[in-house]
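Chains A and B, in that order, give the protein sequences. So the first sequence is residues 0 to 253, counted in numbering that gives the first Met the number 0. So the second sequence is residues 0 to 60, counted in numbering that gives the first Met the number 0.
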Amino acid sequence: MEMTKRQTAFRADYRTRIAGAYNGPFHVAVICAIGLATIWTCAQRIHGPTWLDWLVIPVTVVGANLFEWATHRYVMHRPVKGLMSVYRRHTLAHHQFFTEREPTIDSLRDFRIVFFPPYAQIAILMMILPAAAILFLAGAQNACWLLLCTAAGLYLNYELFHFCCHVKDDRLVRHIPLVNTIRRHHIAHHNQSIMMDTNMNLTYPFADWLFGTSDLDRGALGHLFNGYDGRFVKTNLKQARSTLDDPTAGRVRA
Amino acid sequence: MSAVTVAGKRRRQGSVPGVIMVGVGTFVLWTLAVGLSSPVALAAGVALSLALAAWTRAADL
């Protein structure tokens, strides 16, 4: 599908505004360094965990999936007071830059619109700290460090999967299980007719299945391993009634 | 003014807390990972934190 004039104009405009000092691979390196350093630091402190300690991992995975779904649906796509920058960056920029017509990057500088800024990673880790502190103070030190390891790992998982959604299609992303699932799932989400309430997961579409916000009509396992299969896509999804393909549509009119 | 401009300008205004978070977060992580047992480790931690914070600001992240 060809890009609309509006998307083309938005991309050109956005790219002129990326700071000269920005470097895509360095941005990714910083994210990886913070994530891996957190995992390494916390893993060093784990000694002889019990099965109850290990139980923190699945609980964190499910909790993070629900958090990812809720944040995407209620913060990134809704103008919430105090969190407007998140809404602007996501709905007003990311979703204009990437649409279901053209959901992929063209250069390393486009990493700027794919990956979160590093402070988001620090903020997520800070949000985990109270729960980790409670575990630590309750004497479950191993569970505390496992929680932080898992959270840091899931953040990297999120960034990797989201990146895989916005690279050019090739045999790798098309055939890797789970990656191909989230790629189809997320690209469908970039359809502006359904982006406000459909396909809100970005790693594993578990919460979308659980809350019925997926564009697929199938079970949990089918959701996780759907890949590019389009046979189960619901037929009653919202459709755009009309579109304004005007490159100046995003401009403020006095 | 385009939507990008609006998003960009407002984001830049809000980037100072982000820069501080990156600087402080990096220093805390460095302290936990390497420790501050020597002046060299302290200096390296401070230098790394300031460098990352400065780049974050310059790159408008």
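Note that the Cβ used here is the ideal one computed from N, Cα and C, for glycine as well.
Check	Outcome
Short CB-CB distance (under 8 Å) between isoleucine 30 (chain A) and chain B	no
Beta-carbon neighbours of leucine 28 (chain B), restricted to chain A and to distances below 8 Å	Ile33, Ala36, Thr37 and Thr40
Closer than 7 Å at the beta carbon, the chain B residues around tyrosine 118 (chain A)	Gly17, Met20 and Val21
First through last residue of the alpha helix (DSSP H) which encompasses alanine 50 (chain B)	38-57
Isoleucine 121 (chain A): contacting residues in chain B (beta-carbon distance under 7 Å)	Met20, Val21 and Gly24
For valine 260 (chain A), three-class secondary structure by DSSP	No information on residue 260 (chain A) is available, as it lies outside the stretch 0 to 253 that chain A covers here.
Beta-carbon gap between tyrosine 203 (chain A) and phenylalanine 96 (chain A) smaller than 8 Å	no
Whole runs of the alpha helix (DSSP H) within the stretch 45-108 of chain A, excluding any shorter than 4 residues	50-53, 55-70 and 83-88
Reduced DSSP category for leucine 35 (chain A) - H, G, I as helix; E, B as strand; rest coil	helix
Span separating the alpha-carbon of leucine 41 (chain B) from that of asparagine 141 (chain A)	28 Å
C-alpha gap between leucine 23 (chain B) and arginine 230 (chain A), whole angstroms	Contrary to the premise, residue 23 (chain B) reads as valine rather than leucine in this sequence. C-alpha separation (whole angstroms): 49 Å.
Same chain only: Cβ atoms within 6 Å of asparagine 179 (chain A), ignoring 5 sequence neighbours per side	Arg173, Gly226 and Tyr227
Separation of aspartate 214 (chain A) from cysteine 143 (chain A), as counted between CA atoms	36 Å
Rounded separation between phenylalanine 160 (chain A) and leucine 177 (chain A) - CA only	9 Å
Nearest-angstrom Cα separation, counted from glycine 23 (chain A) out to isoleucine 30 (chain A)	11 Å
Distance between leucine 35 (chain A) and leucine 47 (chain B) (C-alpha atoms, nearest Å)	16 Å
Where valine 33 (chain B) falls: helix, strand or coil (DSSP)	coil
Given 8 Å, three or more beta-carbon pairs between the stretch 89-106 of chain A and the stretch 29-39 of chain B	no
C-beta contact flag for isoleucine 17 (chain A) and arginine 88 (chain A) at 8 Å	no
Straight-line Cα distance separating leucine 146 (chain A) from isoleucine 133 (chain A)	11 Å
Any C-beta of chain A under 8 Å from that of alanine 57 (chain B)	yes
Sequence-distant residues of its chain with Cβ nearer than 7 Å to leucine 82 (chain A) (five each side left out)	Val74
CB contact below 8 Å: tyrosine 21 (chain A) versus chain B	yes
The stretch 187-200 of chain A touching the stretch 46-59 of chain A, judged by at least three CB pairs closer than 8 Å	no
Simplified DSSP assignment, three categories, for leucine 124 (chain A)	helix
Residue burial classification, aspartate 196 (chain A) (beta-carbon count within 10 angstroms, cutoff 16)	exposed
Enclosing alpha helix (DSSP H) for asparagine 179 (chain A) [first to last residue]	178-188
Residue burial classification, valine 15 (chain B) (beta-carbon count within 10 angstroms, cutoff 16)	exposed
Per-residue burial, arginine 252 (chain A) [other beta carbons within 10 Å of its own, 16 or more giving buried]	With a pLDDT of 41 at arginine 252 (chain A), under the threshold of 50, the predicted position of this residue should be treated as unreliable, though the coordinate-derived value follows. When all chains shown are included, arginine 252 (chain A) counts as exposed.
Residue interval of the alpha helix (DSSP H) (run including lysine 4 (chain A))	4-15
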